[in-house]
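Just so we're aligned: 125 in this note's numbering is position 98 of the sequence shown, and the numbers increase by one with no gaps anywhere. Ideal Cβ placement from N, Cα and C applies to all residues, glycine included.
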Amino acid sequence: MLVHSKSGRWAAWGLFGLLFLPLFALPLLVVVTASFSTHWSGAFPSGPTTGNYASAVQGESLQALTTSLVTALVASLLALTVGTWAALAAARLKRRGRRSLDALFMLPVAVPSVVVGLAVLVAFSKPPVLLNGTSSIVILAHTILVTAFAHQSVSAAIVRLDPAYEQAAASLGARPAYVLWRVKLPLLLPSLTAAAGLCFALSMGELSATMMLYPPDWMPLPVRIFTATDRGSLFGGSAVAVVLMATTLLVLLAVSRIRTRATYR
Numbered sequence: 028m029l030v031h032s033k034s035g036r037w038a039a040w041g042l043f044g045l046l047f048l049p050l051f052a053l054p055l056l057v058v059v060t061a062s063f064s065t066h067w068s069g070a071f072p073s074g075p076t077t078g079n080y081a082s083a084v085q086g087e088s089l090q091a092l093t094t095s096l097v098t099a100l101v102a103s104l105l106a107l108t109v110g111t112w113a114a115l116a117a118a119r120l121k122r123r124g125r126r127s128l129d130a131l132f133m134l135p136v137a138v139p140s141v142v143v144g145l146a147v148l149v150a151f152s153k154p155p156v157l158l159n160g161t162s163s164i165v166i167l168a169h170t171i172l173v174t175a176f177a178h179q180s181v182s183a184a185i186v187r188l189d190p191a192y193e194q195a196a197a198s199l200g201a202r203p204a205y206v207l208w209r210v211k212l213p214l215l216l217p218s219l220t221a222a223a224g225l226c227f228a229l230s231m232g233e234l235s236a237t238m239m240l241y242p243p244d245w246m247p248l249p250v251r252i253f254t255a256t257d258r259g260s261l262f263g264g265s266a267v268a269v270v271l272m273a274t275t276l277l278v279l280l281a282v283s284r285i286r287t288r289a290t291y292r
């Protein structure tokens, strides 16, 4: 820590606890507690039970979890591919070109996601590209929303790369495609895995645009949570929310291990 005195460290930890617990930890703890409860007792959930998880890991909830995983995985891979390609291309452009490309990719983030959902719905509800009512329109919207984060993450990593590696490979006669595949991309692998994890987590929790686009047979888990709580099933919805959190954390931990191994290659 930047605070070196003992009293200063205690004060810093105390301030951290006062800010972290009420703003971040307490709401999550309430959701976890509600997932093991059956009713409210005053301001707190009570009636311990594990029955809420019986329906949270089977039937429609399990199908919604599978839908979210497939959507997030495909959207993350597409976003990582497009974002990396754009970042590599932007590195060859002049400053004005790079800024224009960055602005283009950041545009979906600069507006509310519900606007992106409406734009996708209007654009792909008529021929020649008719995606409305299919799972593809949900995946497309998620890809648009998370590509900006992949692009920015990879762009920042490219700026930090030492050009000496590429120059050494080129001086030894390596072709540009070989330099990209065997030199540049391996050096970018830690940033690529970090960007993939971020895109996956954002896609798993996306709701606003998804609510406008999802067909009945392709309902992601956040929509399932929203509909459950909207019908008054607060404790069942809390259990599904905990399943969503746990699944996302497990995937992010796996991605983190891959990133750590890539860093020390």
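Three-state secondary structure (DSSP) of residue i
i	result
S152	coil
V138	coil
T60	helix
G232	coil
Y241	coil
S32	coil
M246	coil
D189	coil
A273	helix
R209	helix
Exposure label - residue i; buried when at least 16 CB within 10 Å
i	result
Y205	exposed
F47	exposed
R36	exposed
P103	First, the amino acid is wrong: residue 103 is Ser here, not Pro. So S103 ends up on the buried side.
Own chain, CB closer than 7 Å to residue i, minus 5 neighbours either side, in chain order
i	result
L134	none
L148	N159, M239, L240
Spatial neighbours of residue i in its chain, beta-carbon cut-off 6 Å, leaving aside the 5 residues before and after
i	result
P242	G160
S162	W245
Close-in-space but distant-in-sequence residues of the same chain around residue i (CB under 8 Å, 5 per side omitted)
i	result
S218	S180, V181, A183, A184
V250	A91, L234, T237, M238, Y241
Checklist entry - At a cut of 8 Å, does the stretch 152-161 reach the stretch 187-200 through at least three beta carbon pairs? => result no
Next on the checklist: With three or more C-beta pairs closer than 8 Å as the rule, is the stretch 167-183 touching the stretch 221-230?
Outcome noted: yes
Item to check | Every unbroken beta strand (DSSP E) within the stretch 63-131, with a cutoff of 3 residues, ordered by chain | outcome: 66-68, 71-73
Checklist entry - Is the stretch 85-105 in contact with the stretch 260-278, if contact means three or more CB pairs nearer than 8 Å? => result yes
Checklist entry - Is the stretch 112-127 touching the stretch 175-187, taking contact as three or more C-beta pairs under 8 Å? => result yes
Checklist entry - Can you find at least 3 beta carbon pairs, one from the stretch 253-264 and one from the stretch 69-82, that sit closer than 8 Å? => result yes
Next on the checklist: Pairs of beta-carbons, one from the stretch 141-150 and one from the stretch 234-241, closer than 8 Å: are there three or more?
Outcome noted: yes
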